[in-house]
Each structure stands twice: as structure tokens, then as C-alpha cells.
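Residue numbers (this note's numbering), protein chains in the order written: chain Z, -17 to 63; chain X, 2 to 648.
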């Protein structure tokens, strides 16, 4: 009986050592591959860029049309003078 | 003699130039290389065709979460898939390359006609055809690029018909209206960005009405004219918009919202691709604003840049003269060159692969350049200046011609002499991003392998070269990670390799048995595996057999000391064994080969984390993010470090 108790006690006392030994297995990183060119999923660690959407299209087209039209109009006026 | 001059009229010379171009295109199409985008778009085109064949039952073409292909109209790709299916053509890529030749021919035709339209000279048209044939970035992609080149053809046709429309306004012929509607429809069917042609048309009409106010009064007060114009506008809008959507399943799901959704996706393409620019690796979504301008300057042949300078000089001079119809047309065409370039810069579009996505502005530049030269010829400038200046333009055509003759089918990789040429560009700019160099290399390797059973690895998705060879298996792998894959032979395009390795020659492997050069620069390398110690070692590592793995990995390093992936794997092994001093040594050695290699940073950060040094681990991760903000394998550790540091 004493032997059994001693064995159990020894097992309990050795547990921390066993756990420490288990921890000797440090981290193993399964995937280290670096991305390169291909059609990739959108992944970003740093801040994401903001897309300004199709509103920009409309604004820029409208501005371009107005600016160019106005420029040509005034240019023509000037020539006529 | 008189008979000869009768035959060689400008119009006939234009026709002859087109005929010669057609003959060249048809003879070269079977020898063209398959590019990596073909392997992306063509399978999608087959799914699109199947969507129509099954009446929408096979909806796989609408489910493209990774590659965004549903947003592409890609009508020409779809056409080739349809032809191959209907006629059961075995050599599918040959069909594609002949189709590409046809659309490049259309590009030549409409660019020539546009050249004639802005100069009233068929000599300009013929010279435009010749100049486009001698523009390697365009001609070199004529066969395999079925999106950018056909889009450029549609863009040219669209501008040509818009100018015809504006010249005839308000009494526009139905022929012009039909041509314009079809040109816009076709352009939009390739890429929805073709909608820009509507804006150009609107702009042209606004300018005409503003500059000739009496026209507006005439249109409004003349019922027949008003009704005719309204009817024609309706035809252009409906034909241009809706016909372009007919062969695009995703747009047909919602003809109003989806095309504009697609336009938004294309303008701000979310997929980021590593680019080599000015000697640095930069993600395409973070490229500097001058990326496109720089590419245009370094990749456009000198004679075109020279002609463009002549054009700008004459345009500036003409501003001191009264505004003529000719000047208005020139300004309009100049606008169609400038606007897209300025627009993508202003909205910060995600560009990549050099100027490939903006190829459609190149023919416009060519037309203006040729027009500039012919204005020089017609000018009153002294012959002492004129003759050498014009001769220089034509003499400079020899440079791209020599390049094309020497390097076809990898001729699209062209950098002008002003930028230092291809020699300077290698390791500083994207080189063979379409992997055209693989054609020669695969032809060579197939003859080397013969009847043997072999697995071939490549760093690009071009298994088509081996599809009909049952004895050859294909494997994809990144160049630096090649040891993780089981292969007997490997062909690697010297592209997407960090410039540090290229400049310091640490990318070279002792396994290389043949290098394929392009103007003296390594383009593709052929590797033959002497032993599979590296592959077996990594496999043992995955099964946590540390000691056996270490022996094999070290053995590989003895024979291939530049194999940085071995250092990564050995360091990973030491990390698992908690042997940090040895790990540090391995990281140091790995960094002598590739100081910017992401896995080396991650291993160091993980080591520091395991040691409880969270601040230091975070600092290394920040360095890693500076090197590559998209290295997704670092994300889990970054999250854990932030949790520990309460960030």
C-alpha cells in the first residue's frame, strides 16, 4: 500500500517536470510561404485602402465635360473678337 | 513610271500596309506564346459559353469570389470559347491567337482610319499602321491578350466614329450612327470602361453646340432634324449599352446596376499584385502616382516619343492661329489620350503589369505622333532642319524592329534606349509578367524529357504546354519555395523574384542546368533535381521527425547554398526545439541571401513571442509589415501579440 501511495506521490510531484518537458516542443509554424504574383485573396495586415467608389467617376466626368466645354467656349469667343 | 505612281497612291499604300500587316499577323499567330491571363480568362469563357448552352443552369461563371472574373465582359475570350466548342477545335489556343490577330488587324484598320480623319491623308494612315506594328508593347501582345488589345481596337473605332459623327453633326448619317453604336457596344462588351466613349460623344456634342450656338437653334426649330437626332441618340445609347451586355452573363442579371458595379470594381481593383517598380517591390494597390507615366516613357519606342514631341510643338504653335476644324479634331483626339491617363492617376486606380491595362491609349499616342511628323513635312520650316528631323523619326523605327525580330514571341518585353533599354530594366521593372519566355523553354524541356515520366514544376499557371503529354505531370510552385514540391524538372520565369536577389545574384541555384536569355537577361531557368533531400527533409519536418529532417535539410544546403527556403525550414525546426541560439544563426545566414524574406521575420517574431518578449516581437512584426503589409501568415501572431500588449 505504502508503495502505491509513494508511486502516486512521485507521479504527482513529477507532473510539473513532465509539463515542462512537453513545453520543450516549441512553436512550429505550419505555413511560412510568401505570397507572390497571382490573383490573390484580399489580405492585408496594415490599414486598408479606401475605395472611393463610382461616385468619383460621375464627378470627374462632369467636371471634365464642364471644364473643357467652358475652355473651348471662351477660346472661341476670344478668337471671334 | 507613271503607272507606278498611279498604283502607289496614298490610299493604296494604306491598303497595302494593311495587307502586309495581315500576312505578318497570320504567319506569326501559330508561333505566339500562351500568356498566364489566357489560363485565367479562357476557362471562364468556357463557363460563360456553358451558361448560354444550359440556359443559365450552369451558373459557375457567376460565382468568382477570388478572381473577380464575373465583372469582365471578355466578349472576345467568350467568342473563342464558342468557336472552339461549336467546331470542336482541339488546338484551342491557336484559335485564340488567330482571333487575337484579327482584332489587332481591326486595331490597325481603325487607327489608320482615325489617322486619316485627323490629317486628311492616307499617308498618315499607312504610317500609323507601320508604327503600330513597330510598337512592341502592343504588337507583342496581339495574339494572346484578348482583353486589352480588342479593347484598344474598340476604343479606336469608337473615337473614329465619334469624330465622323461630330463632323457630320447635326446631319449625321445612319451609317455613322450604326458604326458608333456597334463600336461602343463592342468596347463595353470587352470591358465596361468602354462607357467612356459615351462621355466623349457627349463632350464633343456640348463643345460643338457651345461653339456654334446657331446649331442648337436650328436643331430645336427644325422638327425633322430634331426627331432624327433624338432617334439617333436613342439608337446609340441603346445599341451601345445593351448590345454590349448580351454576351456577359453577370450584367444580364441586372442590366442597370451590375455594369456600374463592375465599373467601380475595375476602377478600384481590390486584388493587389506584387510589382517591381524602380527597383523596389511594391503592392499594386500602393504604387506611386507616376507609375503609369513612367511606364509610358520607358516602354514606348523612341520614334513615337519623338513624333509626340513634334505633335505637341505644332499644337502649341496652332494656338496662336484661329481655331480650325482640324485643330478641334486634334484637340479632341489629344483629350482621348490625356483623359484616361489623368483619370486613373487622380482616382488612384490599382494598376499593374506595366501599362498593359492602359494599352488603349498607346494607339492614340501613335496617331498623334505620326500626325506630328506629317505636319513637320508640310510645314515651312527650313529643309536643313526638316529633313534630318523627319529622317530621324523613320530611322529610329529600326530599334523596335530589331528588338521584335530578335525576341519574338517575348517581344512585348521592350524598354526604350532612353531608359537604358532592357539591360537596365531587368531587376528594376516588371519584365516577363506574361511568361512568354516559357514557350521556348517548354519546347526545349519537352524534347529533353522525351518519353520519360517526369513532373515539371513552374512558377506560373501554364500547364497547357504539357496537356497533350501523358508522361509529364505539372506542379505549380513559387521559385523560393520550390523544395516543398515534388518535381523532377522545373522551369522558373525570372519574374516576381525580389530585386535584392537578382541584383546580388543570390537567386541562382546550383540546380540550374540551362538559362534562357532575353537580350542578355536571364528570362527562364531550367532546374534539374539531382536528389530529393530537400523535399523529403521538409516532409519529415511536417511529421515532426526533427533529427532526420535536419540531416537532409543540411545535406541540401551543402549542395545548394543559396536555397534560402532551407534556412527557413531549419529555423522553423529550431523554433520547435526551442534552440534559439541556433535559430538566430540560421536567420542570420538566411538574411545574407535574402534580407527581405518575410518568413525570416515571422520566425524571429515568433521566437521573441515564445520568449515572452512581446514588445520586441511586435517591433519585428512592424518591420515585416513595412516589407510586406500583405504577408497573411503573420496575421495570427500579430493578433496574439496585440492581445498581449493590449493594442
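All C-beta atoms, glycine included, are put in the ideal place defined by N, C-alpha and C.
The segment 426 to 438 of chain X touching the segment 479 to 495 of chain X, judged by at least three CB pairs closer than 8 Å: yes
Against residue 611 of chain X, what residues of chain Z qualify as contacts under a CB-to-CB distance less than 8 Å, listed in chain order? 8, 9
Quick check: is the beta carbon of residue 485 of chain X nearer than 9 Å to any beta carbon in chain Z? yes
If you check the beta carbons only, do residue 69 of chain X and residue 59 of chain X fall under 9 Å apart? no
Among all the DSSP beta bridges, which residues are the ones paired with residue 474 of chain X? X:456
From residue 449 of chain X to residue 124 of chain X, what distance separates their C-alpha atoms? 50 Å
Nearest neighbour of residue 326 of chain X, chosen from X:164, X:362, X:268 [CA to CA]: X:164
Would the segment 199 to 218 of chain X and the segment 155 to 173 of chain X be scored as touching if the rule is three or more Cβ pairs under 8 Å? yes
Consider the Cβ of residue -9 of chain Z: report whether some Cβ of chain X lies at a distance smaller than 9 Å. no
Shorter than 9 Å from the beta carbon of residue 251 of chain X to some beta carbon of chain Z? no
Any beta-carbon of chain Z closer than 9 Å to the one on residue 629 of chain X? yes
Rounded straight-line distance, which links the Cα of residue 487 of chain X to that of residue 536 of chain X: 6 Å
Proximal residues of chain Z, C-beta to C-beta of residue 573 of chain X below 8 Å: 10, 11, 14
Please confirm whether residue 554 of chain X has its beta-carbon closer than 9 Å to some beta-carbon of chain A. The structure shown contains no chain A; the protein chains it does contain are Z and X.
At a Cβ threshold of 9 Å, is residue 579 of chain X touching chain Z? yes
Would you verify that the beta carbon of residue 465 of chain X is, or is not, closer than 9 Å to some beta carbon of chain Z? no
Considering only residues of the same chain and omitting the five flanking positions on each side of residue 424 of chain X, which have a CB-CB separation below 8 Å? 520, 521, 522
Neighbour flag for residue 505 of chain X against chain Z, beta carbons, 9 Å: no
Cross-chain neighbours of residue 600 of chain X in chain Z, by beta carbon under 9 Å: 11, 14, 15, 16
Inter-residue spacing [alpha-carbon to alpha-carbon] between residue 20 of chain Z and residue 234 of chain X: Confidence in residue 20 of chain Z is poor, its pLDDT being 47 and thus under 50, which makes the residue's placement too unreliable to answer from.
Is the Cβ of residue 543 of chain X closer than 9 Å to any Cβ of chain Z? yes
Keeping to the same chain, check which residues put their C-beta closer than 6 Å to that of residue 655 of chain X; ignore five residues upstream and five downstream. Absent from the structure is residue 655 of chain X, since the part of chain X shown begins at 2 and ends at 648.
Cβ pair count under 8 Å reaching 3, the segment 463 to 478 of chain X against the segment 556 to 576 of chain X: no
Run through the segment 260 to 330 of chain X for me and flag every whole alpha helix (DSSP H) of 4 or more residues, listed as ranges in chain order. 292 to 300, 303 to 319
Look up residue 648 of chain X in the DSSP assignment and say whether it is helix, strand or coil. coil
How is residue 126 of chain X classed by DSSP in three states: helix, strand or coil? helix
What residues are listed by DSSP as bridge partners for residue 491 of chain X? X:458, X:528
Cβ of residue 482 of chain X less than 9 Å from any chain Z Cβ? yes
Closest Cβ-Cβ distance between residue 479 of chain X and chain Z: below 9 Å? yes
Measure the C-alpha to C-alpha separation of residue 643 of chain X and residue 132 of chain X and round it to an integer number of angstroms. 58 Å
Can you give the Cα-Cα distance for residue 6 of chain X and residue 17 of chain X, rounded to whole angstroms? 14 Å
For residue 515 of chain X, which residues does DSSP report across the bridge? X:527
Between residue 495 of chain X and chain Z, is the shortest Cβ-Cβ distance under 9 Å, so that the two count as touching? no
Nearest chain Z C-beta to residue 156 of chain X closer than 9 Å, yes or no? no
Starting from residue 385 of chain X, trace the alpha helix (DSSP H) in both directions and tell me its first and last residue. 384 to 396
Determine the contact status of residue 29 of chain X and residue 410 of chain X, defining contact as a CB-CB distance below 9 Å. yes
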